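Here is the structure we will look at, set down as structure tokens.
2 protein chains.
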Amino acid sequence: MFMPMKMDVKGLLTKEEALFRLFEKWQPDIKVETIPIEQSKGRILAKNIFALYTLPVVRAAIMDSVALSSNDFENGMPDTSLWKRGVEYDFADMGDDFDDRYDAAIRVEDVSFSADGTICINDDVKVVPGMGIKAKGDIVCEGQLLLTKGRKIMTTDLAVLAVGGITEIFVYKKPIIAIIPTGSELIARGTKPERGQNIDANSIMLENMLLEMGAEPLCYPIVKDDPKMLSESLEDALVRADVVVVNGGSSKGSEDFCTKLLHGRGEFLFHGVARVPGRPLGMAVTDGKPVINLPGPTVAAFNGTDWCLRAIVARILQSRIEKRPTVRAILTEDLCTPMPMEYMARLNITKGEDGCFYADPLSKSRDFVVRSIGANGVFISPIGFGEYLKGTEIEVELLCQEEYI
Amino acid sequence: MFMPMKMDVKGLLTKEEALFRLFEKWQPDIKVETIPIEQSKGRILAKNIFALYTLPVVRAAIMDSVALSSNDFENGMPDTSLWKRGVEYDFADMGDDFDDRYDAAIRVEDVSFSADGTICINDDVKVVPGMGIKAKGDIVCEGQLLLTKGRKIMTTDLAVLAVGGITEIFVYKKPIIAIIPTGSELIARGTKPERGQNIDANSIMLENMLLEMGAEPLCYPIVKDDPKMLSESLEDALVRADVVVVNGGSSKGSEDFCTKLLHGRGEFLFHGVARVPGRPLGMAVTDGKPVINLPGPTVAAFNGTDWCLRAIVARILQSRIEKRPTVRAILTEDLCTPMPMEYMARLNITKGEDGCFYADPLSKSRDFVVRSIGANGVFISPIGFGEYLKGTEIEVELLCQEEYI
């Protein structure tokens, strides 16, 4: 039987409203920088790029060729018995230039040589001026527009830049995003947990999510639930970063100083969004920088980062928000959703022997938490929706390539 | 009018036959290594991963809570006027453990405090043992299978590994792929070309394509068309790398020593494939390692790397060959193809005001070469096909994210 959870949306902003409120109050400080092309993959161009050189500089053979003068063929196939390399003909491999006396290039396969080295040209070859030759500028022309502002540099663009003679490009600077993990119960990953302790699994995930978005993460050590220590880290991050993420302490507990701290420092924008998991997400603008108080549970932190930080980073980088690949999959169990909230469900997607994709909401799974964190699929249930019964086909975003399902 | 080029496929292998021939003669040397989880994104697991610890170690509050003893509620709501924090109740923020005397946790929102600090519990709260508590192992259990061999580590898996107490994982070692650019006409990128010179644009592109595939590229300096120098670089690469790519000199010109060199060193497998651009691709197995002689033109080098090195790297890494995202697009011009070869066309994809995608085969473009190198789309015409008229809808692979079209 389908059992929706009930949650209250009163006083909560939708994620669109939340971002709108931020973008009203905060204008990103768009910074640019010059970087070598070797580091430019995935970066966003801040200026149009024009070629510096013309290639071929003069000309080049298209194939592995023999270069000839078309004059010699004006009256049909000439007698080549006395021809000498470097006089009447020369070799020109693919991409090679050749002496100005030659104005045509025939394929090396169309000639043969007798035992004494005399060249012989196949009878069916017709030699006309310019044949087999890549002319000046056929590869690239000086001043030619190669790549336009706003382009995200693809791997193949690296060859375009190299061909154009470009060594450095002007791109939008990666925003520095500080991540401050908070919680007295947290211990650094790699430490054995004692009673009452929990491992900080978020920092490594958030760091890598931010890297994928094109940002530069700046991870702080874990801060205990102590207002003074949290304040110190926040102040440090506000100096060093473009955006500050305080992860944890976003809820209403006795130790949740963060909300209080942000209220007393800069302009507090809101606390609570109608998108779960991660409802108690808070946001402020402090010293002209967004400060995001991201909920602590890992799946909530993932969700908040996905909709909120992705949008903020794209705004700073002038980049597009990239959709994930999707598949249609059949629910193997009813999906419990916290109606009427927008809900990001984590689902495990498998491929059946029938070739169909199946989506497991993991609700019956023991160790639900770690299985949700590692689930390879994401399903977004919009506000007001939430009834998805076993057997329903839904569109699922993939966190891995389809080939790994 | 549609004008297919004519090319001869006699004596050429299909790409499938070419790979089959290689895989018959060469068994990859599967190497594994232990790496810190911080470097593990995108790597392929060589062993199953099991959790080292149980979390919560004992228990944790699900929400920001007040911890209580359910005994006190056996006869209904108790008198809390003399209750003291640390005796009859305590605070437990989300994720916190609490003293053994308490066996239930209610939401902090369900209590209030009078002016003198007395706790007051909302009347409608029902307290039962275990409520609001994440039990031992609800996050993760010691010995639990977390991730299976063959998985490609996703960003969210990093959190799974951290939660499980894992600091290092066992993965397939990245194959080292040597890239040796050859050609007397080539100059290093960033150098001004003189007459007869061409800029090496391939190395930076191939290096980044290999990085994307999960390999470790090892770029050599440009080698002139000199058999001794090429031989020296090849011998060095055969010692240092798992696979050697000689880029250029694959054709039949007078300076194309590479084919000759490979014939005299190890087992030469074939020269020429029925996939263009890049027909004169050659392959040998030398000292138990694949040596690929990749054609020099940039689009041909891209094509050869895409079908050939991708398959070789996947075989060494035990990984899957990942498809690119695709869109359906309408041809804006006839697409000239070298029938009956398999053909990789590079197309520029744009989005029309009608929301449709359009594919420009660039055939009418001046500077065809640089525009093809930078084109954002790829279309594969299978062997035996090749007639694609203006207005035809074709399925195009994208080299960029759809949002950037």
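Just so you know, the protein sequences line up as chains A and B, in that order. In our numbering, each residue's number is its place in the first sequence (first place is 1) plus 2. In our numbering, each residue's number is its place in the second sequence (first place is 1) plus 2. Beta carbons are placed, not taken as given, at the ideal position from N, Cα and C, and that holds for glycine. All figures in this text were calculated on a predicted structure; none of them were measured in a lab.
Within a 10 Å sphere around the beta-carbon of F359/A sit 16 or more other beta-carbons, which makes this residue buried.
Taking C-beta atoms under 8 Å as the contact rule, P299/B and P279/B qualify, at a distance of about 6 Å.
Residue-level contact by beta carbon fails for S233/A and chain B, as no gap is shorter than 7 Å. By the C-beta density criterion, Q199/B is buried, having at least 16 other C-beta atoms within 10 angstroms.
Its Cα nearest to that of D31/A, the residue P177/A stands out among I375/A, P177/A, S205/A, S252/A.
Of the candidates D140/B, D159/B, A302/B, F270/B, D159/B places its Cα closest to the Cα of L148/B. Sequence-distant Cβ neighbours of K151/A in its own chain, meaning closer than 7 Å and more than five residues away, are L47, A48, K49, N50.
Spanning the alpha carbons of I224/A and G216/B requires a straight line of approximately 32 Å.
With a beta-carbon spacing of about 7 Å, L311/A and L212/A fall inside the 8 Å limit used to define contacts. The segment 259-309 of chain A is shown to contain whole beta strand (DSSP E) runs of 3 or more residues at 269-273, 284-288, 291-296, in chain order. Here the C-alpha atom of P183/A lies approximately 18 Å from the C-alpha atom of R281/A.
Scanning A117/A, Y104/A, N124/A, G119/A for the CA closest to the CA of V110/A turns up N124/A.
Rounded to whole angstroms, the gap between the alpha carbons of E35/B and E144/A is 48 Å.
Close to chain B, meaning a Cβ-Cβ distance shorter than 7 Å, are the following residues of the segment 169-195 of chain A: T169, G185, E187, R191, G192, K194, P195. Residue environment: I135/A is assigned as buried (16 or more neighbouring CB atoms within 10 Å of its CB, all protein chains considered).
Rounded to the nearest whole angstrom, the C-alpha separation of T120/B and H273/A is 28 Å. One finds G376 in chain B with Cβ atoms closer than 8 Å to the Cβ of D159/A, taken in chain order. Its chain contains I351, K353 as the residues whose beta carbon lies nearer than 6 Å to that of I407/A, once the 5 sequence neighbours on both sides are disregarded; these appear in chain order. Annotation for K175/B: K33, V34, E35 place their beta carbon closer than 7 Å to its own, counting only its chain and skipping 5 residues before and after. In the DSSP assignment, V247/B forms a beta bridge with I181/B, I294/B. Near chain B, meaning a CB-to-CB distance below 9 Å, the residues of the segment 310-332 of chain A are S321, R322, I323, E324, K325, P327. From the listed residues R23/A, P80/A, S365/A, the smallest Cα separation to L271/A is found for R23/A. Residues are counted here when their Cβ sits less than 8 Å from a Cβ of chain B; for the segment 13-44 of chain A these are I39, E40, K43, given in chain order.
Between G379/B and E399/B a beta carbon distance of about 7 Å is seen, short of the 8 Å cut, so the two are scored as contacting.
With the rule of 3 Cβ pairs closer than 8 Å, the segment 226-233 of chain A does not count as touching the segment 74-94 of chain B.
Proximity of chain A to D140/B at the Cβ level (cut-off 9 Å) is accounted for by R368, D369, F370, V371, in chain order.
Within the segment 316-348 of chain B, the complete beta strand (DSSP E) segments of 3 residues or longer fall at 328-333, listed in chain order. Our two residues, N73/A and Q146/A, have alpha carbons roughly 34 Å apart in a direct line. If you draw a straight line from the Cα of I181/A to the Cα of R191/A, it is about 15 Å long.
A Cβ-Cβ contact shorter than 7 Å links K17/A with W309/A. One finds nothing in chain B with a Cβ atom closer than 9 Å to the Cβ of F52/A; even the nearest lies about 12 Å away. In the same chain as P327/B, and ignoring 5 residues on each side of it, the C-beta atoms closer than 8 Å to its own belong to E399, L400, Q403, E404, in chain order. Residue contact with chain A for M207/B: present (Cβ-Cβ distance below 7 Å to some residue of chain A). Among the CB atoms of chain A, one or more fall inside 7 Å of the CB of K154/B.
Assigned with DSSP and collapsed to three states, Y390/B falls in strand. By the CB criterion at 7 Å, G167/B and Y345/B fall outside the cutoff.
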